[in-house]
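Asks: Line by line, the protein sequences are chains H and S. According to the numbering used here, the first sequence is numbered sequentially starting from 1. According to the numbering used here, the second sequence is numbered sequentially starting from 1. C-beta atoms are modelled at their ideal positions from N, C-alpha and C, and glycine is treated no differently. Please read these numbers as outputs of a predicted model, since none were measured by experiment.
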Amino acid sequence: MLRDLAVVVTALALTASAAWADEARRPVDDEWPVQSTGPLAVDAGLVLALPATWQTGLSSGIGAGVTRGRRFAWGVRGSWSTATESSLVWTVSHDDFRLRGVAVLQQPAGRGVFALRLGLGPTFIYEHRTRNQGARAGLTGSDLENSALATFPGADLEGVVTLHVFGRWSLTVSGGPTAIIADGTLHGGWTGQLGAGWQP
Amino acid sequence: MRRAGVLCLTPLLVAACGKLEGFGGPAPPLASFDIVFHGDLALLRPPGVTDEHSLRVGLVWGAQWLTEPFCVLPAESGDAAAVIAAGCRDPFGFVPAAVSVSVPIAVDVPTTLTLFQLPAADVMVGDVTSRIAYGSLVVFDDRDDSGTLELSRPHRAPSGGRQEDFQTGGPDSRDIIYGASFVTMTEHDQRIAYREGLFDPLSAFYPRAGCEPEPPRGFSVLAAGGFSEAAGLASALSGQLPPEDPSTCMESAPVDATITIDARPPPEVQEVGCDERTDDSSVRYREPPTYAPDLANRTVACAHLPTFDTGTGSPASGLIQFVVSGRSFERCKGLTHYTLRGCREDVNCLVPDWDFTANPPTWWPPCGQ
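Printed below as a string of structure tokens:
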């Protein structure tokens, strides 16, 4: 009697584990179906970059963009990032606002998309300077702090990897060199973004 | 419509509408002081000096300093009084802590001294919620072309024991001081003040008791008429601050004041360039050297130790000290205290580092031992 019961239990267990194995072998596309089929893509995320006119420091902020197209897409992007650095005399903050018109060449690969994105447009830099020790010394007005806004033409060339995760949502990673022309000279840098995308 | 939009956006691509300074550009000064120096230096030059090499005015921040008891207690003898006169600096005088910026100056020509740095915390007296620094503007002939005022220090007479070959200090500064806006609290002064936080009216750091209002926050120029030395000592003994005549007090913002400095004979003002090794009235009693120190141009006396300077060897020691002043030609006044028995840190220590009471050095004067 006990022997018969053991055989039944073993059979049930093997049957169940075989069923689980079949289920584990289901394609991820079935488990996490991608529903992105349209030409429009929107993304936003955290931006890290070299400050536009400095060759030191780390500028951090947020960025977002929208593109439309298939293999070749176009769109607009914008980002804001800020960095603060100090010298003996000044504490200087730079807020970099990058506006770009972008052209994207992209190649789907499985659930992902590899792309090369070229952006052209203005970089607005809002500078705020505070005279170190000035407040303690009683300075006021422009002697204590001043600000300026400048605009420079800029360009970015970024590699973009988009991985569709679920439904219309994706993970996007991008990065590459940037350049602006300031005071007649070319200032190089880099930028990167990690964020989420949405594609209907 | 579309064309207008393009025209508006075009400048964004090519123009720089503002000028970024970054870390460059001129730094706004934190304070500026207008200074005028009057006097005929030809009449005041020390012997051997025929001209002014490079006359400058510098800001010197003051130290909190307390003279040693021997210098303010009543002298027990004529010899001790002579040593006090020769070796003790003005107990109410301005004592430098740090030399700040300096600029060239000429007689009767107004000049401006500009500060781009606040005084450091080590020249400010008080805690972070209530502290103040006072400075004196010192006119000096920069004889060594260093661009700044070099401070001097009193020279000690040689000591024995481990310090037998101890150097008695570097040479005096070559700079010649011809005037200062703040020489001593017993004279009229004009001082630079920098205050942070609250002001403690009971602070004895170059006090101006009776002057109203209190120094403003930030930089200011203050003046006081000074008090007599007798009033200062009497106030100190009674735990009070010596009062100033309110009518002699003045307070103004740096931009509203012109600081006037009159030329004076260098011996009258050179102490403002004399740094001190200790600022808490403590005295280091020294082991007498084996061989007789050079006492030429020095004033000497035997004296009892000040009664409240007994250290840990209470009750008061019966030790007699041999006090030696600095040499008469040296820039800064100072004293050297020898005792036949003692330790480096405490003359009345129980286990002495040296003890010659039974067998004094051959040169030791008859001090009643």
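With 9 Å as the limit, tell me which residues of the segment 90-118 of chain H have their beta carbon closer than that to any beta carbon of chain S; keep them in chain order.
Replies: W90, V92, H94 and L99
Asks: Would you mind telling me which residues of chain S sit closer than 8 Å to R77 (chain H), beta carbon to beta carbon, in chain order?
Replies: Simply none; closest approach about 15 Å.
Asks: Between G61 (chain H) and S81 (chain H), which are expected to be in contact by the criterion C-beta below 8 Å, what is the C-beta distance as a whole number of angstroms?
Replies: 3 Å
Asks: With a threshold of 9 Å between beta-carbons, can P265 (chain S) be considered close to chain H, or not?
Replies: Closer than 9 Å: no.
Asks: Cβ of F70 (chain S) within 9 Å of Cβ of P243 (chain S)?
Replies: no
Asks: Beta-carbon within less than 8 Å of A292 (chain S)'s beta-carbon, same chain only, minus the 5 sequence neighbours each way: which residues are those?
Replies: Excluding positions up to five away in sequence, the list reads P361, T362 and W363.
Asks: Taking buried to mean at least 16 other C-beta atoms within 10 Å of its own C-beta, is L58 (chain H) buried or exposed?
Replies: exposed
Asks: Distance check for T84 (chain H) and L118 (chain H), CA to CA, integer angstroms please.
Replies: If you draw a straight line from the Cα of L118 (chain H) to the Cα of T84 (chain H), it is about 28 Å long.
Asks: Let's test the definition: count the other Cβ atoms within 10 Å of the Cβ of K333 (chain S) and tell me whether it reaches 16, buried, or not, exposed.
Replies: buried
Asks: For D143 (chain H), decide whether its Cβ has a neighbour in chain S, counting only Cβ atoms nearer than 9 Å.
Replies: yes
Asks: Rounded to a whole number of angstroms, what is the C-alpha to C-alpha distance between A182 (chain H) and A150 (chain H)?
Replies: 9 Å
Asks: Compare the C-beta of A85 (chain S) against all C-beta atoms of chain H and say whether one is closer than 9 Å.
Replies: Taking Cβ atoms only, chain H never reaches closer than 9 Å to A85 (chain S), which makes this a no.
Asks: So does the segment 172-182 of chain S actually touch the segment 142-156 of chain S, counting three or more Cβ pairs closer than 8 Å?
Replies: yes
Asks: Starting from E229 (chain S), trace the alpha helix (DSSP H) in both directions and tell me its first and last residue.
Replies: Looking at the DSSP string, the run of the alpha helix (DSSP H) that includes E229 (chain S) is E229 to L237.
Asks: What residues from the segment 215-232 of chain S come within 7 Å of chain H, judged by C-beta to C-beta, listed N to C?
Replies: When C-beta distances to chain H are compared with 7 Å, the residues of the segment 215-232 of chain S below that value are R217, G218 and F219, in chain order.
Asks: Rounding to the nearest angstrom, what Cα-Cα distance links D353 (chain S) and S159 (chain S) in this structure?
Replies: 13 Å
Asks: D96 (chain H) and P51 (chain H) - do their beta-carbons sit closer together than 9 Å?
Replies: Cβ atoms of P51 (chain H) and D96 (chain H): closer than 9 Å.
Asks: Express the C-alpha separation of P104 (chain S) and L118 (chain S) in angstroms, rounding to a whole number.
Replies: 21 Å
Asks: Where does V161 (chain H) sit, in a helix, a strand or coil, going by DSSP?
Replies: strand
Asks: If the cut is a Cβ gap below 7 Å, which residues of chain H does L118 (chain S) touch?
Replies: Q133, R136 and A137
Asks: Taking only beta-carbon atoms, is A371 (chain S) less than 9 Å away from chain H?
Replies: Residue coverage of chain S in this structure runs from 1 to 369, which leaves residue 371 (chain S) outside it and unanswerable.
Asks: Grab me the residues of S54 (chain S)'s own chain with a C-beta within less than 6 Å of its C-beta, minus the 5 sequence neighbours each way, in chain order.
Replies: D142
Asks: If you check the beta carbons only, do E145 (chain H) and G138 (chain H) fall under 9 Å apart?
Replies: no
Asks: List the residues of chain H whose Cβ lies closer than 8 Å to the Cβ of F23 (chain S), in chain order.
Replies: E85, S87, V89, W90 and V92
Asks: Thinking C274 (chain S) and C367 (chain S) are a contact (beta carbons under 8 Å), I'd like their distance in whole angstroms, please.
Replies: No, C274 (chain S) and C367 (chain S) are not in contact; Cβ-Cβ is about 28 Å, not under 8 Å.
Asks: Hey, which unbroken runs of the alpha helix (DSSP H) at 4 residues or more fall wholly within the segment 68-150 of chain S?
Replies: Counting only runs of 4 or more, we get 69-72 and 78-87.
Asks: What residues in the segment 178-210 of chain S have a beta carbon less than 7 Å from any beta carbon of chain H?
Replies: E196
Asks: Enumerate in chain order the residues of its own chain whose CB-to-CB distance from V125 (chain S) is below 8 Å, with the five nearest sequence positions on each side excluded.
Replies: Correct list, in chain order: Q64, R131, I132, A133, S203 and F205.
Asks: Decide yes or no for the touch test of the segment 253-260 of chain S against the segment 26-41 of chain S: beta carbon pairs closer than 8 Å, at least 3 of them.
Replies: They touch, by the three-pair rule.
Asks: Between R45 (chain S) and P265 (chain S), what straight-line distance do the alpha-carbon atoms span, to the nearest angstrom?
Replies: 7 Å
Asks: When you compare only the Cα positions, how much space is there between W198 (chain H) and E196 (chain S)?
Replies: 55 Å
Asks: Give the residues from the segment 51-80 of chain H that approach chain S closer than 9 Å (Cβ to any Cβ), ordered along the chain.
Replies: T53 and W54
Asks: Might you give, ordered along the chain, the residues of its own chain that have their beta carbon closer than 6 Å to the beta carbon of W32 (chain H), omitting 5 neighbours on each side?
Replies: F166
Asks: Using alpha carbons as the reference points, say which of S:P288, S:P96 and S:I84 lies closest to V269 (chain S).
Replies: S:P96
Asks: Taking all protein chains shown into account, decide if Q55 (chain H) is buried (16 or more other Cβ within 10 angstroms of its Cβ) or exposed.
Replies: exposed
Asks: Helix, strand or coil for G58 (chain S), going by three-state DSSP, please let me know.
Replies: strand
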